[in-house]
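Take a look at the structure set out below.
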RNA sequence: GUGGACGUAGCUCAGCUGGUAGAGCCCCGGAUUGUGAUUCCGGCCGUCGUGGGUUCGAGCCCCAUCGUCCACCCCA
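Numbering (the working numbering), first residue to last: 16 to 439.
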């Protein structure tokens with residue numbers, strides 16, 4: 016039989032690495048709770064039209080990266096490539112945008128059909144923060160502070176914050192026209208990628224990593240010079256609050272984002288440790304999105320971080336997280352011992368609900384079961400063989416505790432385990 | 001979509017200028033017959049990614065194909 020292969024770019028998170036994921040998710044939930052953000056869960060599948068409308072028809076994501084298909088009724092469905100569109104849709108569907116304010120987070124898988132490489136996968140996982148109904152730069156600042164706290168809690172170092180403002184859609188449109196004019200005048204100097212972008216998303220030319228274009232880009236008209244007055248005030252408000260909080264940042268006038276829905280604030284937390292896949296967390300404001308999806312005009316802002324990238328970063332910085340070993344490993348040799356041991360194990364678990372007790376299922380000699388007991392990292396071994404069964408006792412052998420091996424009567428087992436391990 | 005590397009036991013890898021496969025780890029058993037990490041001994045494990053071709057003979061050469069990784073692009 017041929018084994019069935021996994022799907023390209025879709026990875027298994029094995030038990031060895033799962034504790035790191037759990038840690039990231041647990042800390043994130045705690046930090047969100049500390050700021051009053053509530054969890055919202057939305058479907059992984061949405062109508063294809065939602066993403067086209069939200070993200071933009073001419074973005075790379077929509078043009079060539081979405082996993083789209085028709086269901087049996089002929090409806091066009093798409094595995095979500097990002098979380099914001101679905102959440103904005105859910106807010107509208109559930110009547111949560113009228114005169115209301117919400118701070119939410121969600122977490123889960125996203126799908127984009129790109130070529131996989133380090134830190135980039137076809138199924139990847141994001142933690143996503145969203146705030147609806149807040150107009151001012153205070154929420155922009157809060158979201159950034161929240162993320163900064165997350166890095167601190169996770170012990171991640173070396174992330175740099177870059178921020179920028181794209182202004183209102185009108186200001187952005189005007190700037191875009193200026194930019195097209197500028198780059199068209201120097202069309203012969205552009206490389207292939209930038210020429211392609213000139214028609215679709217000229218702002219992205221500013222983001223080019225091609226050193227040959229550096230001078231040309233440096234001479235391009237600046238977005239910050241074309242900001243409308245209100246957006247400027249908004250941006251200054253954000254900067255002031257970041258200054259107040261002592262969060263270091265760089266204003267990067269070339270920072271634009273790949274998704275069409277951003278307005279005003281955009282930001283990225285980037286790592287200098289990698290090459291191109293350097294964005295660990297990024298987001299911005301999308302005041303027009305809810306209206307664009309058919310809801311009442313509602314200001315909104317949020318960010319998303321990539322769990323895979325965070326976990327890689329933590330590993331590279333030596334912050335590994337491993338599973339909690341069992342407290343107790345039950346060595347049981349012989350048919351009678353095995354049956355009695357399973358019964359006793361249940362009694363112990365009844366007495367100590369938080370105790371981690373692993374049994375030597377599958378049998379094996381004393382030697383091999385003790386080897387497993389040692390490998391499991393358990394502090395204490397329970398030993399049950401024919402001799403103990405006859406005597407009506409269980410042997411307790413400390414593996415990573417002081418003290419001697421002892422035999423205890425069956426009825427005393429839970430209490431004795433508790434006192435050897437120093438449990439409540 | 002483009003470019004570059006690599007695909008040998010469950011895992012990490014070795015295999016010289018082509019002569020029908022090795023090590024370590026893991027797992028199992030043993031070292032006075034019921035007690036873990038170390039040490040020693042033994043055991044288990046492979047159609048060398050797949051399909052063609054060249055050759056007396058290919059893991060080593062050629063072609064194709066699939067897959068993985070890295071980079072570009074894009075993004076989390």
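Each residue gets a CB set at the ideal place from its N, CA and C atoms; glycine is no exception.
What first and last residue would you give for the alpha helix (DSSP H) that runs through residue i?
| i | result |
| --- | --- |
| residue 107 | 99–108 |
| residue 38 | 33–49 |
| residue 84 | Not the alpha helix (DSSP H): residue 84 falls in the beta strand (DSSP E), residues 82–85. |
| residue 136 | Segment: none, residue 136 is in no alpha helix (DSSP H) and carries neither H nor E. |
| residue 157 | 152–169 |
| residue 343 | From DSSP, residue 343 is part of no alpha helix (DSSP H) but of the beta strand (DSSP E) over 343–347. |
| residue 129 | Here residue 129 belongs to no alpha helix (DSSP H), and DSSP marks it neither H nor E. |
| residue 390 | 381–391 |
| residue 194 | 184–200 |
| residue 306 | 304–307 |
Alpha carbon to alpha carbon, what distance is there between residue j and residue i?
| i | j | result |
| --- | --- | --- |
| residue 38 | residue 336 | 7 Å |
| residue 321 | residue 142 | 7 Å |
| residue 297 | residue 209 | 23 Å |
| residue 159 | residue 219 | 23 Å |
| residue 254 | residue 277 | 18 Å |
| residue 56 | residue 332 | 31 Å |
| residue 63 | residue 169 | 36 Å |
| residue 126 | residue 161 | 25 Å |
| residue 117 | residue 59 | 21 Å |
| residue 119 | residue 111 | 12 Å |
| residue 252 | residue 152 | 6 Å |
What are the start and end residues of the beta strand (DSSP E) that includes residue i?
| i | result |
| --- | --- |
| residue 125 | 117–126 |
| residue 419 | Where residue 419 is concerned, there is no enclosing beta strand (DSSP E), given that its DSSP letter is neither H nor E. |
| residue 319 | 315–321 |
| residue 374 | 372–374 |
| residue 61 | 60–62 |
| residue 256 | Looking at the DSSP string, residue 256 is not in any beta strand (DSSP E); the run it does join, the alpha helix (DSSP H), is 244–260. |
| residue 294 | 294–300 |
Is it buried or exposed for residue i, if we count other Cβ within 10 angstroms and need 16 for buried?
| i | result |
| --- | --- |
| residue 199 | exposed |
| residue 256 | buried |
| residue 115 | exposed |
| residue 216 | buried |
| residue 285 | buried |
| residue 19 | exposed |
| residue 416 | exposed |
| residue 360 | buried |
| residue 154 | buried |
| residue 207 | exposed |
According to DSSP, what are the bridge partners of residue i?
| i | result |
| --- | --- |
| residue 408 | 424 |
| residue 90 | The partner list for residue 90 (beta bridge, DSSP) is empty, contrary to what the question assumes. |
| residue 174 | 286 |
| residue 56 | None, per the DSSP bridge assignment. |
| residue 413 | 395 |
| residue 266 | 178 |
| residue 141 | 123 and 321 |
| residue 146 | 118 and 316 |
Does DSSP put residue i in a helix, a strand or coil?
| i | result |
| --- | --- |
| residue 289 | coil |
| residue 367 | coil |
| residue 210 | helix |
| residue 275 | coil |
| residue 235 | coil |
| residue 329 | helix |
| residue 229 | helix |
| residue 66 | helix |
| residue 336 | coil |
| residue 356 | helix |
| residue 28 | coil |
| residue 281 | strand |
| residue 223 | coil |
Considering only heavy atoms of the ligand NAD, does any lie closer than 7 Å to the CB of residue i?
| i | result |
| --- | --- |
| residue 384 | Inclusion of the ligand NAD in the displayed structure is not the case, the ligand content being empty and no account of it being possible. |
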